[in-house]
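Step one of this worksheet: look at the structure below.
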Amino acid sequence: MKNFKRLLPWILLAIAFFILPAILDDFRLNLFGRYFSLAITALAIDLIWGYTGLLSLGQGIFFSLGGYAVAMHLMLNTKSEAGGNGIPKFFENYGVDQLPFFWQPFWSPMSTLILLWLVPAVVAGLVGYLIFRNRIKGVYFSIITQAALMVFYHFFNGQQKLINGTNGLKTSTTEIFGQLVGSPDLQGWFYRITVLLLPLAFLACRYFTSGRFGDALIAIRDDEVRLRFTGFNTVPYKTIVFIVAGLLCGVSGALYTVQSGIVSPQYMTIAMSIEMVIWVAVGGRGTLVGPIIGAVLVNYLRSLVSEALPEMWLFVQGALFIFVVVLMPDGIYGWFTKGGFTRLLAAFGLAPRTATYPQLDLEVAPASEGRVISND
Amino acid sequence: MTTPLLEIDDVSVSFDGFFALTDFSLRLMPGELRSVIGPNGAGKTTFLDVITGKVKPLKGSVTFRGETLVGLSEHKISQLGIGRKFQTPRVFENLEVIRNLELAASPSKGPFALLTQGIPSRVRDEVQRLLDYVGLGPYAKVQAGSLSHGQKQWLAIAMLVAQSPQVLLLDEPVAGLTDEETVRTAELIKSLAGDHTVLVIEHDMEFIRDLNASVTVLHQGSVLTEGSLDEVQNDPRVIEVYLGQAED
Numbered sequence: 454m455k456n457f458k459r460l461l462p463w464i465l466l467a468i469a470f471f472i473l474p475a476i477l478d479d480f481r482l483n484l485f486g487r488y489f490s491l492a493i494t495a496l497a498i499d500l501i502w503g504y505t506g507l508l509s510l511g512q513g514i515f516f517s518l519g520g521y522a523v524a525m526h527l528m529l530n531t532k533s534e535a536g537g538n539g540i541p542k543f544f545e546n547y548g549v550d551q552l553p554f555f556w557q558p559f560w561s562p563m564s565t566l567i568l569l570w571l572v573p574a575v576v577a578g579l580v581g582y583l584i585f586r587n588r589i590k591g592v593y594f595s596i597i598t599q600a601a602l603m604v605f606y607h608f609f610n611g612q613q614k615l616i617n618g619t620n621g622l623k624t625s626t627t628e629i630f631g632q633l634v635g636s637p638d639l640q641g642w643f644y645r646i647t648v649l650l651l652p653l654a655f656l657a658c659r660y661f662t663s664g665r666f667g668d669a670l671i672a673i674r675d676d677e678v679r680l681r682f683t684g685f686n687t688v689p690y691k692t693i694v695f696i697v698a699g700l701l702c703g704v705s706g707a708l709y710t711v712q713s714g715i716v717s718p719q720y721m722t723i724a725m726s727i728e729m730v731i732w733v734a735v736g737g738r739g740t741l742v743g744p745i746i747g748a749v750l751v752n753y754l755r756s757l758v759s760e761a762l763p764e765m766w767l768f769v770q771g772a773l774f775i776f777v778v779v780l781m782p783d784g785i786y787g788w789f790t791k792g793g794f795t796r797l798l799a800a801f802g803l804a805p806r807t808a809t810y811p812q813l814d815l816e817v818a819p820a821s822e823g824r825v826i827s828n829d
Numbered sequence: 091m092t093t094p095l096l097e098i099d100d101v102s103v104s105f106d107g108f109f110a111l112t113d114f115s116l117r118l119m120p121g122e123l124r125s126v127i128g129p130n131g132a133g134k135t136t137f138l139d140v141i142t143g144k145v146k147p148l149k150g151s152v153t154f155r156g157e158t159l160v161g162l163s164e165h166k167i168s169q170l171g172i173g174r175k176f177q178t179p180r181v182f183e184n185l186e187v188i189r190n191l192e193l194a195a196s197p198s199k200g201p202f203a204l205l206t207q208g209i210p211s212r213v214r215d216e217v218q219r220l221l222d223y224v225g226l227g228p229y230a231k232v233q234a235g236s237l238s239h240g241q242k243q244w245l246a247i248a249m250l251v252a253q254s255p256q257v258l259l260l261d262e263p264v265a266g267l268t269d270e271e272t273v274r275t276a277e278l279i280k281s282l283a284g285d286h287t288v289l290v291i292e293h294d295m296e297f298i299r300d301l302n303a304s305v306t307v308l309h310q311g312s313v314l315t316e317g318s319l320d321e322v323q324n325d326p327r328v329i330e331v332y333l334g335q336a337e338d
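These protein sequence lines are chains A and B, in that order.
Residue numbers for the first sequence follow our numbering, so the first one is 454 and each next one is one higher.
Residue numbers for the second sequence follow our numbering, so the first one is 91 and each next one is one higher.
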């Protein structure tokens, strides 16, 4: 059993890497690639919300920045997209004949690969530092991150001449390595890259949440003021975590963009960023497995529901969120690890009822119950 | 004549026009054990807030070893060697008891140190010693949130000691403790004095008698009187603020 537990992540990884591509058709595989890339965003949100207690409603900013970085590179390097001046065609619609300066670094694949996470990380660092230094927290933090999201949304939405505005940048018809980005072959590769990057993101999050740094994050969540009086300056801790989360969202957005075929200001809507939070809540915040489960499951469900009853998805999502908040405050994974499954079986008489209440660490508590204070 | 370790001079604090402290002065000598009493609203917690940087005074100065504390942030003041226990036992509920102490005891408090370095074995031993001292040894791996109230109080005090501050400010350390726990806390505090400078705010007169410390009485934001507990208890002004004015 213990061996199985240790092997389980590897088994899942092998299934995702070898088995799924073999059994799923191109369309389904692509969907799973999208789910897995969104799972990286869920991990990032769990890092700042589940562990550090900062509910950011603006992660769509960093997600989109990563997506735009990749899309700009693809646009620039596709012959069929090029207009008269050797710059992407859409610029002609707005009478732009010079490439805006900030597009320049995206000619090169190397700098694109760096900028797709560096830009979100730097933006997160600036925004985060200003917010945390001014001790904005709790609901005000959520509101400010949402306001920042609105600013970015309106900027990207309104700037046709810079970034094609509300139309976004379509990547599915661009080319890389002489092939269409939307082709099944390349999509298969994007899927594989995603499957490999997700565990890396997981390990990164584990690095930050285990050990003493992780203790400090949980302490910030539990009682930040107390931690400050203990001699900790909490600003760098929160800023670092926010940067890491922004970086992961950037990577996630880039992977999602190439697999969904477009990046547009729609990724910066309030609804999208709140959905990201829902994935984490459904899966189980404060654990690292939970958000992955949540992101994949909710998005899979979304695909299923949207195919069957296209108008119903938002209702289902709302109901799911309420269900989880009311009945499974620890999310699916938290419910499962806290013996929820056994309790469910017991409710139907399929397993012996166990006295789990009050579940005050029955196993860990010392042999001498009650007072252990000696009077020497 | 030694110089005071901590000196609060002529401090006033106003919350929207209400003066929580008016021309408040207090001195703590190195190694001193001092208790502070006073009716509700006398400004006891507020002056701790001023010392530890939570509240900025309207005027006046706070100096610690000749260094001014006004304007420094809470973590800087803590790092200088002033530790504080809050009125309610505030511990990190979702961390194990031992992790609570290890955080407090950590010699370096920066993010990179916490990411890359383990805990020095010296600190580990100190944490273990403290755990045993406050009787939480068997609970080391239990989440702090599931401790009883008394145990949380002691964990909070142990965390404060683990910070190894020079000055310990204890806001109601025995609130909600049993008599036995109170006696033991008094022992702990007395053993700390001497090496440390300790200031205790309490309502429990028995406890203060146990501590055998000099008493400062606060009333309406300033010091009413100072002296031994017996002197203070027989002071008519003290009786008046606690029991109300005698009818003429």
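All C-beta atoms in this analysis are idealised placements derived from N, C-alpha and C, irrespective of residue type, glycine included.
Do K199 (chain B) and T795 (chain A) count as a contact pair if the criterion is CB distance below 9 Å? Pairing T795 (chain A) with K199 (chain B) gives a Cβ-Cβ distance that is not under 9 Å.
Hey, L95 (chain B) and Q256 (chain B) are a contact pair by Cβ (cut 8 Å); roughly how many whole angstroms apart? 7 Å
For V302 (chain B), count neighbouring C-beta atoms within 10 Å of its own C-beta (all shown protein chains included) and say buried if the count is 16 or more, exposed if not. The sequence shown places Asn at residue 302 (chain B), rather than the Val named in the question. It is exposed - the Cβ of N302 (chain B) has fewer than 16 other Cβ atoms within 10 Å.
At a Cβ threshold of 9 Å, is R155 (chain B) touching chain A? no
Below-9 Å beta-carbon distance, R180 (chain B) vs any chain A residue: yes
Measuring CA to CA, which of B:I98, B:R124 and B:T306 is closest to A283 (chain B)? B:R124
Here's the rule: buried if 16 or more other CB atoms are within 10 angstroms of the residue's CB, otherwise exposed. What is F470 (chain A)? Counting Cβ neighbours within 10 Å, F470 (chain A) comes out exposed, since fewer than 16 surround it.
Against H165 (chain B), what residues of chain A qualify as contacts under a CB-to-CB distance less than 7 Å, listed in chain order? R681, G684, F685 and N686
Helix, strand or coil: which one does DSSP assign to A283 (chain B)? Three-state DSSP puts A283 (chain B) in a strand.
Which bits of chain D does L185 (chain B) rub up against, with CB to CB less than 9 Å? Given the protein chain composition of this structure (A and B), no chain D is represented.
Quick one: residues in its chain with C-beta nearer than 6 Å to the C-beta of A574 (chain A), no 5 flanking neighbours on either side, listed in chain order? I696, G699 and L700.
Closest Cβ-Cβ distance between Y593 (chain A) and chain B: below 9 Å? No, Y593 (chain A) lies away from the interface with chain B (no Cβ there is under 9 Å from its Cβ).
Are there three or more Cβ pairs, one per stretch, closer than 8 Å when the segment 718-736 of chain A is compared with the segment 534-553 of chain A? no
For D829 (chain A), name the three-state secondary structure that DSSP assigns. Unreliable positioning characterises D829 (chain A) in this predicted model, as indicated by a pLDDT of 38, which lies under 50. The coordinate reading is nonetheless provided below. Reduced to three states, the DSSP call for D829 (chain A) is coil.
Just mark S281 (chain B) as buried or exposed, buried being the case when its beta carbon has 16 or more other beta carbons within 10 Å. exposed
Helix, strand or coil at G311 (chain B) according to DSSP, with G and I counted as helix: coil
Chain B within 9 Å of F774 (chain A), Cβ atoms only: For F774 (chain A), the answer is no, since every Cβ of chain B falls outside 9 Å of its Cβ.
Measuring CB atoms only, is the segment 136-153 of chain B touching the segment 316-328 of chain B, in the sense that at least three cross pairs come out at less than 8 Å? no
Can you confirm whether the segment 653-660 of chain A touches the segment 474-490 of chain A when touching is taken to mean that 3 or more C-beta pairs between the two stretches lie within less than 8 Å? no
Pick out whichever of B:D261, B:G317 and B:A265 has its Cα sitting closest to the Cα of V351 (chain B). Chain B is shown only over 91 to 338; residue 351 (chain B) falls outside these bounds and no answer can be derived.
If you compare alpha carbons, which of A:K691, A:V777 and A:S509 is closest to F202 (chain B)? A:K691
Contacts of P689 (chain A) in chain B (Cβ-Cβ under 9 Å): G200, P201 and F202
Tell me the DSSP bridge mates of I464 (chain A)? In the DSSP output, where bridge partners are listed per residue, I464 (chain A) has none listed.
Counting only Cβ pairs nearer than 7 Å, list the residues of chain A close to S168 (chain B). Below the 7 Å Cβ cutoff, chain A contributes F682, T683 and G684 as neighbours of S168 (chain B), in chain order.
Between N184 (chain B) and I673 (chain A), is the Cβ-Cβ spacing less than 9 Å? Going by C-beta atoms, N184 (chain B) is not nearer than 9 Å to I673 (chain A).
Taking only the alpha-carbon atoms, compute the straight-line gap between K149 (chain B) and A601 (chain A) and give it to the nearest angstrom. 38 Å
Assign F544 (chain A) to one of three DSSP states: helix, strand, or coil. helix
How big is the Cα-Cα spacing for L622 (chain A) and Y593 (chain A)? 33 Å
T112 (chain B) to Q310 (chain B), Cα distance in whole Å? 8 Å
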